[in-house]
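In the working numbering, the protein residues as written are 749 to 923.
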């Protein structure tokens, strides 16, 4: 009887182990599938978040572009109106002088503008003198004479322009 009991216990243990192994196999596949699905779901959520971020960025960029387009159209309209105004004035006066297009608001602004033009002119003259010296078109003595003369005019123009800019409440130009 004792032997039957051991045999009975042995069979029950063997059956339990076999059922447990099969259950582990079947549940193991389900658990593995579940883990893979969790990973896929997490990747999809991450992808969804990235897509939403891209969509939000695209919407912001679109709003920015719409705003820039509106500003561009407004400025274009201003330019068209200015061109029409100048064309009408030019047709009446039959004068194609470029200086009539650029009208500073006040005499102070006119002075700043004229001194800025002188400054740029002196830069160009010194550049061309340097080029002429390199090509040996002028002598060193003549080059130095003109550079000193033009540098003085440039200095006076810059100082005058900066004084005017200071009076007008504009930032100074430094060189």
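A virtual CB, placed ideally from N, CA and C, is assigned to each residue, including glycine. Remember, predicted model here, so these are calculated numbers, not experimental data.
Closer than 6 angstroms by C-beta to residue 881: which residues in its own chain qualify, once you throw out the five before and the five after it? Chain order, please.
891
Taking the alpha-carbon positions, what's the residue 771 to residue 791 distance?
30 angstroms
Do you know offhand how far residue 857's Cα is from residue 912's?
8 angstroms
Between the alpha carbons of residue 852 and residue 805, how many angstroms are there, rounded?
43 angstroms
For residue 899, the first and last residue of its enclosing alpha helix (DSSP H)
888-916
Top-ranked residue by Cα proximity to residue 870, from 884, 787, 919, 895:
Of 884, 787, 919, 895, the residue nearest in Cα terms is 895.
List in chain order: all unbroken alpha helix (DSSP H) runs of 4+ residues lying wholly within the region 751-778.
Counting whole runs of 4 or more residues, the region 751-778 contains no alpha helix (DSSP H) stretch at all.
Whether residue 872 touches residue 905 by CB criterion (8 angstroms):
no
So the candidates are 762, 783, 908, 759; which of them puts its Cα closest to the Cα of residue 865?
908
Could you check if residue 902 is buried or exposed, using at least 16 other CB atoms within 10 Å of its CB as the buried criterion?
buried
The alpha helix (DSSP H) that contains residue 749, what's its start and end?
Where residue 749 is concerned, there is no enclosing alpha helix (DSSP H), given that its DSSP letter is neither H nor E.
Pull up the distance between the alpha-carbon of residue 900 and that of residue 827, whole angstroms please.
Each residue's Cα considered, the two are about 38 angstroms apart.
My output table needs one value for residue 783: the three-state DSSP class, helix, strand or coil.
helix
Looking at the structure shown, is residue 919 part of a helix, part of a strand, or coil, going by DSSP?
Coil.
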